[in-house]
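Asker: Residue numbers (full-length UniProt numbering): 118 to 586. Backbone N, C-alpha and C define an ideal beta-carbon position, used for all residues, glycine too. Here the structure is a predicted model, which is why all the values come from computation and not from measurement. Provided herewith is a single structure, encoded as structure tokens, for subsequent inquiry.
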Amino acid sequence: CQDGLKICCIGAGYVGGPTMSVIALKCPEITVNIVDISEPRIAAWNSDNLPIYEPGLDKVVKACRGRNLFFTTQVDQCIKEADIIFVAVNTPTKKVGIGAGRAADLTYWELAARRIAQVAETPKIVVEKSTVPIKTAEAISAVLHGAGKTQFSVLSNPEFLAEGTAIEDLDAPDRVLIGSTLCEEGSKASQTLADVYAHWVPREKILQTNVWSSELSKLVANSFLAQRVSSINAVSAICEASGADVDEVARAVGMDTRIGPKFMKASVGFGGSCFQKDILNLVYLCESMGLPEVAHYFHQVVQMNDLQKERFVSRIIHGLFNTITGKKIALLGFAFKKDTGDTRESAAIEICRRFIEEKAQIAIYDPKVEEEQIWSDLTGACQMDKIEVQKYVTLCPDAITACDNAHAMAVVTEWDEFKDINYNKVFEKMIKPSFVFDGRNVLDHELLRKIGFIVYAIGKPLDPKLSTA
Ligand code: NAI
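Dropping the structure here:
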């Protein structure tokens with residue numbers, strides 16, 4: 118029992134919010150304070166309208182908030198009181214300076230560490246929850262101990278949750294990974310953290326390793342996952358050129374137990390805040406360790422992903438008789454995947470940027486993404502102001518409105534509700550010939566063809582109508 122233990126988490130984002138809420142739920146005797154420098158974000162966590170959409174999160178937060186779970190901007194006080202401090206701040210790709218475009222930007226991490234060093238008065242366990250390059254724990258330890266005020270044990274505890282299924286993943290993780298230094302202090306700290314997870318995670322799923330293995334494992338896990346997506350997407354290109362069907366190939370290949378069926382869905386390309394950033398981070402690490410061939414190997418995963426997005430756009434342009442200038446395209450979905458409102462690195466952003474470059478008209482509908490987020494993503498990607506972007510883009514309240522008078526409909530996010538749209542009605546509203554480009558292979562293509570649509574799907578044989586034309 119860890120009665121009276123106090124946890125502070127710095128960073129109330131997609132990782133800090135859900136992970137700490139689940140710890141609070143599973144460990145009622147532990148007090149969990151989640152702090153952030155963003156006042157609006159904390160206010161939202163304390164309201165009925167949480168700042169992130171994640172299935173099941175509302176229920177968990179409501180069960181614990183005000184009991185043993187608190188959201189606050191009182192960073193210093195919570196640091197002072199805590200026994201364990203998780204740091205779950207953002208670690209984006211560096212935009213400027215050495216390693217720009219590849220290395221992780223650890224500015225927020227370092228600021229958080231300096232703050233801890235400045236205000237902590239009693240020994241603390243500091244936990245890397247953010248995804249960081251190998252050896253970060255060492256650097257952070259130097260920053261923490263630089264102030265010379267108290268003792269810190271730095272642990273690595275990367276988070277493997279996936280957005281959209283975060284609560285399920287946290288409730289029943291495949292594993293929990295805790296890396297520590299090999300000294301006695303390190304093992305003791307690792308044990309304290311393992312005991313927190315052991316409230317609900319079976320002991321055999323809690324892996325305790327050295328700190329570098331733990332840091333590296335997170336980068337490798339994301340690189341392998343992204344590599345699988347790029348591999349099946351590369352296969353989809355071969356399918357489109359040859360008449361094979363990517364889903365049939367994926368099924369046949371995935372039934373080999375050495376390969377397995379998961380993460381075998383061809384798509385318009387992966388997005389999200391992590392995959393690209395973490396691979397680039399690994400690429401940068403490889404380069405700085407004098408391993409250019411290894412760096413090149415992993416870098417291909419990102420290049421294949423960029424190609425997949427561009428292939429999707431080119432197929433639309435070619436399908437629409439080699440021009441989309443002035444044509445209206447309904448874009449269904451803007452989030453990087455279903456069941457999240459997160460748009461970071463979403464394929465939709467690059468696809469829209471390319472459509473705007475071609476001077477197409479885009480009508481966007483997404484069930485969860487906030488309008489302001491879409492404007493901010495598109496103004497950033499196109500380097501235009503909002504008024505300029507609005508010459509090309511309109512935001513719609515539903516899919517049918519988006520499709521009104523459209524030449525084509527493109528599915529970019531695999532939201533379940535897109536399967537249940539009344540496609541007869543959509544067909545009536547669209548300009549003829551009416552095209553569907555299914556970037557997620559989620560729609561019933563046979564039905565759509567019966568209705569009269571010309572359907573293009575990722576890695577699928579060309580529309581039979583076209584091959585007989
Ligand atoms: P996020 O951007 O949603 O949240 C980070 C939060 O930290 C923000 O609210 C920001 O205001 C706050 N923050 C930054 N500096 C601060 C400081 N000095 N003091 C207090 N608060 C501060 O980021 P997200 O998505 O939660 O990611 C966090 C880390 O977790 C990243 O390293 C990411 O790579 C990693 N990760 C993310 C996953 C995801 O699905 N989003 C999954 C697994 C790991």
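Starting from the C-beta of ALA586, find all residues in its chain whose C-beta is less than 8 Å away, skip the five residues before and the five after it, and write them out in chain order.
Answerer: Because ALA586 sits at a pLDDT of 38, beneath the cut-off of 50, its placement in the model cannot be relied upon, and the point is left open.
Asker: Hey, PHE188 and TRP162: beta-carbon distance below 7 Å or not?
Answerer: Closer than 7 Å, so yes.
Asker: From the DSSP secondary-structure annotation, give me the bridge partner or partners of ASP555.
Answerer: DSSP, once it has assigned bridges, lists VAL528, ALA574 as partnering ASP555.
Asker: Could you check how far apart the C-beta atoms of PHE277 and ASP288 are, in whole angstroms? I think they sit under 8 Å.
Answerer: Incorrect: roughly 13 Å between the Cβ atoms, too far for contact.
Asker: Determine, using beta-carbon pairs with one atom in the stretch 490 to 500 and one in the stretch 516 to 533, whether at least three such pairs fall under 8 Å.
Answerer: Output reads no: the stretch 516 to 533 does not touch the stretch 490 to 500.
Asker: State the beta-bridge partners of GLY134 as determined by DSSP.
Answerer: GLY134 pairs with nothing; no bridge assigned.
Asker: For ASN541, report the span of its alpha helix (DSSP H) as first-last.
Answerer: Residues 540 to 546.
Asker: With DSSP as the reference, label PHE380 as helix, strand or coil.
Answerer: Residue state, collapsed to three classes: coil.
Asker: With a cut-off of 8 Å on the beta carbons, I'd call ILE323 and ALA311 a contact; round off their distance for me.
Answerer: Indeed they touch by this definition, with Cβ atoms about 5 Å apart.
Asker: Quick check on DSSP: helix, strand or coil for ALA358?
Answerer: It is helical.
Asker: Can you tell me which of the three DSSP states PHE187 falls into?
Answerer: Three-state result, PHE187: strand.
Asker: Alpha carbon to alpha carbon, how far is ALA354 from LEU167?
Answerer: Answer to the nearest angstrom: the Cα atoms are 40 Å apart.
Asker: With C-beta atoms as the reference, is ILE433 less than 7 Å away from ALA383?
Answerer: No, they are not a contact pair.
Asker: Quick one: what's got a C-beta closer than 8 Å to LYS455's C-beta in the same chain, skipping five residues either side?
Answerer: Cβ neighbours of LYS455 beyond the five flanking positions: GLY281, THR530, GLU531, TRP532, ASP533.
Asker: Looking at the structure shown, is ASN327 part of a helix, part of a strand, or coil, going by DSSP?
Answerer: The answer is strand: DSSP assigns ASN327 an E or B state.
Asker: Considering only the beta carbon of each residue, do LEU437 and ILE481 sit closer than 7 Å?
Answerer: No; because the gap between Cβ atoms is not below 7 Å, this pair is not in contact.
Asker: Taking a contact to mean a Cβ-Cβ separation below 7 Å, would you say ALA141 touches LEU174 in this structure?
Answerer: Contact: no.
Asker: Measuring from the CB of GLY128, is there a heavy atom of the ligand NAI at a distance below 6 Å?
Answerer: Within the cutoff, so yes.
Asker: Whose CA, out of ASP364, VAL139, TYR573, lies closest to the CA of VAL318?
Answerer: The candidate whose alpha carbon is nearest that of VAL318 is VAL139.
Asker: Run through the stretch 447 to 504 for me and flag every whole alpha helix (DSSP H) of 4 or more residues, listed as ranges in chain order.
Answerer: Counting only runs of 4 or more, we get 464 to 474, 488 to 499.
Asker: Three Cβ pairs or more, each shorter than 8 Å: is that satisfied between the stretch 267 to 277 and the stretch 210 to 222?
Answerer: With the cut-off at 8 Å, the stretch 267 to 277 and the stretch 210 to 222 do not touch.
Asker: One question on the structure: do ILE242 and ILE201 come within less than 7 Å of each other, judged by their Cβ atoms?
Answerer: Cβ distance < 7 Å, so ILE242 and ILE201 count as in contact.
Asker: Thinking C-beta only, is PHE552 closer than 7 Å to ILE568?
Answerer: Cβ atoms of ILE568 and PHE552: not closer than 7 Å.
Asker: How should ASN439 be labelled, buried or exposed, when 16 other C-beta atoms within 10 angstroms of its C-beta is the threshold for buried?
Answerer: The residue is exposed, with fewer than 16 neighbouring Cβ atoms inside 10 Å.
Asker: Buried or exposed, going by whether 16 or more other CB atoms sit within 10 Å of the CB of ALA358?
Answerer: Result: exposed.
Asker: At what residues does the beta strand (DSSP E) containing ASN398 begin and finish?
Answerer: ASN398 -> not in any beta strand (DSSP E); alpha helix (DSSP H) instead, spanning 392 to 405.
Asker: Assuming the contact rule is C-beta atoms closer than 8 Å, PHE203 and VAL177 should be a hit. Round their C-beta distance to whole Å, please.
Answerer: 17 Å between Cβ atoms; not a contact.
Asker: Is TYR225 close to the ligand NAI? I mean its beta-carbon at under 6 Å from any heavy atom of the ligand.
Answerer: The answer is yes for TYR225.
Asker: The ligand NAI heavy atoms versus the CB of VAL236: any closer than 6 Å?
Answerer: For the ligand NAI, not one heavy atom lies less than 6 Å from the Cβ of VAL236.
Asker: Check whether the stretch 416 to 435 touches the stretch 393 to 403, taking contact to mean three or more Cβ pairs, one atom from each stretch, closer than 8 Å.
Answerer: At 8 Å Cβ cutoff, the stretches touch.
Asker: Does the pairing of the stretch 552 to 563 with the stretch 326 to 340 give three or more beta-carbon distances under 8 Å?
Answerer: The stretch 552 to 563 is not in contact with the stretch 326 to 340.
Asker: Out of ALA452, LYS549, VAL313, THR496, state which residue places its alpha-carbon closest to the alpha-carbon of THR148.
Answerer: Checking every option, the nearest Cα to that of THR148 belongs to VAL313.
Asker: Quick one: what's got a C-beta closer than 7 Å to THR298's C-beta in the same chain, skipping five residues either side?
Answerer: Only VAL328 meet the Cβ criterion.
Asker: Answer yes or no: the CB of ARG158 versus the heavy atoms of the ligand NAI, is any distance below 6 Å?
Answerer: Yes - the ligand NAI has a heavy atom lying nearer than 6 Å to the Cβ of ARG158.
Asker: Report the CB separation of ALA465 from GLY443 in whole angstroms; it is logged as a contact under 8 Å.
Answerer: The Cβ separation is near 21 Å, so there is no contact.
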